[in-house]
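Report on one structure; see the data block that follows.
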Amino acid sequence: PPRVRSFFGVDGESPRCKIGWLRVPGGAILEIFEFQPQLPSVTIPWNRVGLTHFSFNVRNTQRWHDYLRGKGVACVSAPEQSPRGHSFFFAKDLDGNLIEMIDLGYMHYVLQWGGALGGWIFRRGMYRQYYGR
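Rendered as structure tokens:
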């Protein structure tokens, strides 16, 4: 309780924290925290500064949509096609957090192979002012 109180700032007579980790293909890890006592859930508007949702890159969003709906997951929308060819939809977890399932299509390869190069170019080009150079 003292560490949960001091490190996380959770008030209470005997605050507790449970932490879980989910491995994501490609090397990412999602950390999930459960605090006691809990504050009530609030709806986060899209245009709020900060985290509003997170995304998983998947193949075949329609198949994922059907699978998740079959498991009782609340899906906010049906899969939609963007003008650039990728498809996506949003679901909500048990706490109401938005999760985007996105099939990047060919952009997956562009980001995988060109992402590092694009970052290097952006840091030295039109976005230089944001990198203090």
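Under the working numbering, think of the first position of the sequence shown as 32, with each following residue one higher.
Heads up, the beta-carbon is just placed ideally off N, CA and C, and yes, glycines get one too.
Are the CB atoms of residue j and residue i within a distance shorter than 8 Å?
| i | j | result |
| --- | --- | --- |
| G43 | P68 | yes |
| T92 | L129 | no |
| V89 | I133 | yes |
| I50 | E62 | yes |
| H96 | P110 | yes |
| F66 | F39 | yes |
| G136 | G116 | yes |
Helix or strand or just coil, what does DSSP make of residue i?
| i | result |
| --- | --- |
| L82 | coil |
Of the residues the options, which one's Cα is nearest the Cα of residue i?
| i | options | result |
| --- | --- | --- |
| F64 | L135, I133, D126 and R154 | D126 |
| P46 | W52, S37 and L53 | S37 |
| C48 | V35, R155, G57 and R154 | V35 |
| W77 | R159, Q160 and E131 | E131 |
| R100 | V73, V80 and D124 | D124 |
| F85 | Y98, V73, V55 and V41 | V55 |
Is there contact between the stretch 92–106 and the stretch 114–128, where contact requires at least three CB pairs shorter than 8 Å?
-> yes
Which runs of the beta strand (DSSP E), 3 residues or longer, sit entirely within the stretch 54–128?
-> 59–67, 84–88 and 118–123
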